[in-house]
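First residue of the sequence shown? That's 50 in this note's numbering, and the numbers climb one at a time after it.
Yeah, the Cβ is synthetic: ideal placement off N, Cα and C, and Gly gets one too.
In this text, all values refer to a predicted model and were calculated from it rather than measured experimentally.
Encoded as structure tokens, the structure appears first; notes follow it.
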Amino acid sequence: AAPMIVNSVKPDATRRRAEVADVANAVSWADYDISSDVAHRGEQAALLRLDTRESDNGARIYGVIQEFDEQAFPRYLSGWYRVEDWARGTEKQYIQVVVIAWRPSPMPVGMRSGSYQIAYTLAGVAQPPLRIANRKFILSGVVEPVEDEWIFFEFDLHDDFRKQWRLIPSNYEFVRVLFEVRYDDKDEAEPVGAARVYYDDLYIGPESRAPSGTDVTLPTEPSGGG
């Protein structure tokens, strides 16, 4: 089977906030730029410019949105990210990828929300940063990000959804994938936070894309939850 998402990030391959009216926390959502100067492969990458001075409510999400509605829920999610000029402004300043199954059937036992999801933290936090009833966190990276290197990430979605929710999503309206850098619960007295985070070569599909060799920095084994 062909992958549902596989691309070097281009403007027509991703969705912005204005195109997704029901995106969570839409008021706090900031769109991405396209970088032609830094890319993992090819000519372009998605660039997220975090700056805590841009919001006065203590929270802001910078992200790329991708969606698919094929009913064969893919097994693997992978890609590359890169961090530059990371300046921590608050404890909950972090990088994550979120996978949301929208209106699936069946739902997890006791879940009344219209969706359920897993958030994979790639860097920035040592514990789940939020408590959301329909979201499970998997901690899969270092607290302080590695800078100026492309970092590969890959997750087995079947295994993780089965462990966290005892279900693999099916019969859904669509699946939404968010590639983010964000901060939450920032106090005005804390210092300014900033970062440039790039995403490229994003893939979701049936096959592992883990590169061979020893010259690639991989996130730690997923552990924990929330």
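R98 is bridged by DSSP to R245. Leaving aside the five residues that flank R137 on each side, the residues in its chain whose CB is nearer than 7 Å to its CB run, in chain order, G242.
When secondary structure is reduced to three states using DSSP, D209 falls in the helix class.
Collapsing the DSSP output to three states places E103 in a helix. Taking a contact to require three or more Cβ pairs closer than 8 Å, the region 106-113 and the region 224-240 qualify as touching.
Scanning its chain for C-beta atoms nearer than 7 Å, with the 5 sequence neighbours on each side dropped, one finds around Y221 the residues A150, W151, R152, P153, in chain order.
Counting of Cβ neighbours within 10 angstroms places R225 among the buried residues, the total reaching 16 or more. Listed as beta-bridge partners of I200 by DSSP are Y130. Around S127, the same chain offers E203, Y252, R258 as residues with beta carbons nearer than 6 Å, after the five sequence neighbours per side are excluded.
Counting C-beta pairs closer than 8 Å gives three or more between the region 206-223 and the region 119-126, which meets the contact rule. The beta carbons of Q166 and V148 sit closer together than 8 Å. Under the three-state reduction of DSSP, S84 is assigned to strand. Comparing alpha-carbon positions, the option among Y125, Q142, R124 lying closest to V132 turns out to be Q142. Residue state for S77 is assigned as helix, using DSSP reduced to three classes. Ranked by Cα distance from R184, the first of R90, R102, T170 is T170.
Just so you know, the alpha carbons of Y81 and D208 end up roughly 30 Å apart.
Residue pairing of T170 in beta bridges, as defined by DSSP: Q145, L188.
By the neighbour-count definition (other C-beta atoms within 10 Å, threshold 16), V158 is an exposed residue.
Distance between T101 and E193, taken at the CA atoms: about 17 Å. Rounded to the nearest angstrom, the gap between the Cα atoms of S85 and L96 is 10 Å. If you draw a straight line from the Cα of S104 to the Cα of A172, it comes to about 22 Å. By the criterion of a C-beta distance shorter than 8 Å, L99 is surrounded in its chain by R109, Y111, Q142, V230, R231, Y232, G242, A243, A244, R245, V246, once the five residues flanking it on both sides are discounted. Using a 10 angstroms sphere on the CB of P178, the tally of other CB atoms reaches 16 or more, which defines it as buried.
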